[in-house]
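Okay, structure first, notes after.
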Amino acid sequence: MTQQTHSLNTGCWSVPARPSSELLEKLALHSASWKKSLDEMSKRISSLRRETLERPVIYIGCGTCGLGAGAGATLETIKKHVSENKIDADIVEVGCIGLCSEEPIVDIQLPGRARVSFRRVTDKNAAGMIDKVFAGEIPEDMVLGQFEDATAKAWDNVPYLKDHPFFAPQTRWVLPNCGLINPNSIDEYIARGGYSSLNYILHNHTPIEVCDLVEKAGLRGRGGGGFPAAVKWKIAHKQGSDQKYLICNADEGDPGAFMDRAVIEGDPHRLLEGMAIAAYGIGASKAYVYIRAEYPLAIKNLEIAIQQAKEYGLLGDNILDSSFKLEIKLKKGAGAFVCGEETALMNSIEGKRGMPRPRPPYPAVSGLFGKPSIINNVETLANLPKLFEITADGFASLGTESSKGTKVFALSGKVTRTGLVEVAMGTRIRDIVFAIGGGAPNGKSFKAVQIGGPSGGCIPESHIDIQIDYESLKKVGAMMGSGGLVVMDEDTCMVDLAKYFMDFIQRESCGKCIPCREGTRRMLEVLETITRGRRSENDIDALLRFRGVMYIESLAEVIRDTALCGLGQTAPNPVLSTLRWFRDEYEAHIYDRKCPAKACPELVTYSILADKCTGCTVCARKCPTEAIMGAKKSPHYIISEKCIRCGACMETCRFNAIVVE
């Protein structure tokens with residue numbers, strides 16, 4: 037048996053592989069929809085791949101981000117418009133294509149014509165846009181681009197979506213189907229080469245050979261410090277046990293991270309195929325997906341996908357006539373950040389309180405229910421179908437010497453284009469922030485990027501040309517983490533940012549070990565005193581403030597060296613990285629009691645410029661503490677002792693007469 041045909045690389049998206057004849061023969065044993073002649077099957081595959089259409093198709097991005105932007109109302113409007121006007125068209129709900137800042141996104145594909153994507157399609161403009169496209173007219177103000185399609189006629193004067201600045205620098209190995217296919221259709225996934233990698237390895241490689249190939253490819257865990265996946269796989273593989281477990285960590289608790297959610301919502305079968313490959317490699321017959329309950333759409337789509345895979349003989353006993361069996365269960369988490377740590381996660385699955393366990397023994401030796409267990413996150417497992425599609429050598433050909441393949445980031449914060457980004461390892465952070473993200477909006481200056489969530493660190497503008505790989509990020513005090521990438525501009529106070537993350541970590545600490553429980557609380561208290569004004573202090577508060585500042589770095593080092601789990605050990609990172617690169621901002625807060633970014637309310641002063649104030653009294657009427665005084669049509673002034681720094685006066689002033697210092 038030969039491996040399936042490789043997909044063809046064409047920039048951001050690749051032409052998906054067609055399913056192998058061997059896979060289709062096995063699927064025909066379980067599904068009547070695949071019990072067809074070769075000619076009929078070929079036509080069905082073309083139809084599922086949208087290469088041939090009998091009627092127009094309207095695709096609506098209904099991932100969580102799209103729904104949050106109003107896609108639900110857009111969907112209902114389109115359904116109503118199609119029904120009332122008796123338009124013969126299919127309506128397909130798809131996941132997020134990645135460009136969240138332009139949601140709701142709607143695609144239209146007419147028979148014989150290329151699929152076109154449109155931005156910000158609301159319930160107000162959806163009907164008009166559809167009518168124009170069906171009449172052969174493309175609304176230029178709404179179009180994002182058309183998809184390159186060798187089987188369909190391109191639209192004149194419509195740019196290709198692959199050339200859009202957001203998509204052009206990307207390499208999509210994990211996200212190729214997201215936003216393109218119906219996530220609730222296993223047939224569409226199969227028609228695009230889905231489950232061919234699983235079929236190939238089950239009939240051509242032993243479990244240890246699978247581990248060897250993953251090691252050769254250089255796949256590293258995408259959920260934390262980048263530990264080589266195959267190393268712990270091999271440890272679990274060689275354990276003599278009557279039961280082994282595979283666990284998919286889909287808890288995703290980092291602020292600003294939504295990669296795993298989008299993958300599951302938009303392409304759940306890719307995760308299931310990856311889990312089956314990993315389970316086969318380590319010898320596991322049972323698997324869990326630990327997913328936070330706050331992801332209802334991801335849970336719904338995954339439940340549908342699991343049921344479909346069972347019906348097609350892709351889960352259960354004797355998968356694809358290989359004697360391999362696998363059962364996958366969902367375990368809903370309650371949203372505790374600490375349950376992202378693998379031993380706390382296993383405690384939660386077992387019905388215990390989510391608290392970390394001391395190691396060793398490591399989970400690969402003694403994990404869930406005391407059995408050998410492997411924990412990988414969604415992105416790690418979703419890489420496996422592509423890895424075996426293009427071979428280990430093909431996978432290893434992309435990236436840097438120590439970091440292979442691609443990495444998915446959730447790009448958010450003070451950046452023009454937000455969303456999901458998948459780039460080759462070795463891509464510069466500058467390219468992600470500026471080429472893909474469009475830089476800071478409203479003419480603001482870029483300041484820093486926070487990567488890796490609370491466990492990560494800040495990277496300043498002076499190091500923005502650093503490459504994305506595990507070792508390079510560590511050199512500047514950051515880490516890859518799960519892939520949250522939050523951009524900050526000149527208005528961001530780095531001390532306030534550190535305080536935000538420390539507050540998050542302190543509240544999410546499980547409390548089991550003293551360094552994390554008490555140490556993070558003390559660090560938060562120090563940061564709170566730094567951002568506090570003089571009038572909030574009493575007695576010896578000022579002396580205590582300076583004493584805390586003197587010890588904050590040594591306290592951070594103690595926590596990092598003595599905390600029980602990885603989350604506690606990385607808890608001080610936001611403070612240490614901001615201190616390293618933005619010490620001048622800390623010094624301004626400490627010694628001058630000033631916030632250079634003018635973001636800390638107690639450290640700023642509001643004043644009125646007499647030459648610009650017209651005495652309109654609007655600001656005085658809006659002030660909640662009556663701190664603004666002055667006669668009508670005469671310059672006003674602010675009583676500093678009464679001002680609470682709420683900013684209401686600045687928001688209402690039409691003459692830019694109010695300044696902050």
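Under our numbering, residues 37 to 697 are what the sequence shown spells out, in order. For each residue, glycine too, the CB sits at the ideal point set by N, CA and C.
Local Cβ density within 10 Å of residue i, reported as buried at 16 or more and exposed below that
i	result
M586	exposed
D296	buried
T454	buried
M665	exposed
C48	buried
I550	exposed
T424	A small correction: the amino acid at residue 424 is Phe; Thr does not occupy that position in the sequence shown. Looking at its Cβ environment, which holds 16 or more other Cβ atoms inside 10 Å, F424 is buried.
M37	Legend: pLDDT at M37 = 38, less than 50; position of this residue unreliable, no value from coordinates given.
Q145	buried
G683	exposed
T661	exposed
P195	exposed
E76	exposed
Secondary structure of residue i, DSSP reduced to three states
i	result
W191	coil
E76	helix
Y95	strand
S643	strand
Q206	coil
F438	For the sequence presented, residue 438 should be read as Ser rather than Phe. S438 falls in the coil class under three-state DSSP.
G604	helix
M524	strand
N609	helix
K548	coil
F154	strand
T41	Its pLDDT being 43, under 50, T41 is placed unreliably in this model, and the value from its coordinates should be taken loosely. In this structure, T41 counts as coil in the three-state DSSP scheme.
L65	coil
L10	In the structure as shown, the chain begins at 37 and stops at 697. Residue 10 is therefore absent and cannot be evaluated.
Q275	coil
S50	strand
V654	helix
Y316	helix
K634	coil
I502	coil
Beta-ladder partner(s) of residue i, from DSSP
i	result
E458	V444
M586	For M586, which the question treats as bridged, DSSP gives no partner whatsoever.
Y536	Answer is none; Y536 lacks a bridge partner.
D366	In the sequence on display, residue 366 carries Leu and not Asp. BP columns for L366 point to V325.
Y331	BP columns for Y331 are empty, so no partner.
I144	I94 and V152
G449	V523
Short Cβ contact (8 Å threshold) for residue i with residue j
i	j	result
V210	V444	yes
R558	S545	no
A663	V611	no
T528	A633	yes
N419	L216	no
A293	A446	yes
Y348	I222	yes
A125	P92	yes
A607	I675	no
Rounded straight-line distance, which links the Cα of residue j to that of residue i
i	j	result
P243	K270	9 Å
D287	C679	43 Å
E245	G317	8 Å
L103	R581	46 Å
G164	G181	18 Å
C136	R156	10 Å
R543	Y536	11 Å
Y205	V459	The sequence given here places Pro at residue 205; Tyr does not occur at that position. Computed Cα separation, rounded: 7 Å.
Y324	P175	46 Å
T641	E697	5 Å
G261	G555	23 Å
G604	R583	24 Å
I504	C655	48 Å
S153	R629	51 Å
C284	E378	10 Å
H42	G493	Caution is warranted here: a pLDDT of 49 is assigned to H42, below 50, making its placement in the model unreliable, and the coordinate value is therefore given only provisionally. Rounded to the nearest angstrom, the two C-alpha atoms are 38 Å apart.
I644	R657	15 Å
T46	F202	Because the pLDDT of T46 is 49, which lies under 50, any placement of that residue in the model is unreliable, and the question is left without a value.
A162	T110	7 Å
K361	K160	50 Å
P490	L308	29 Å
L560	N609	13 Å
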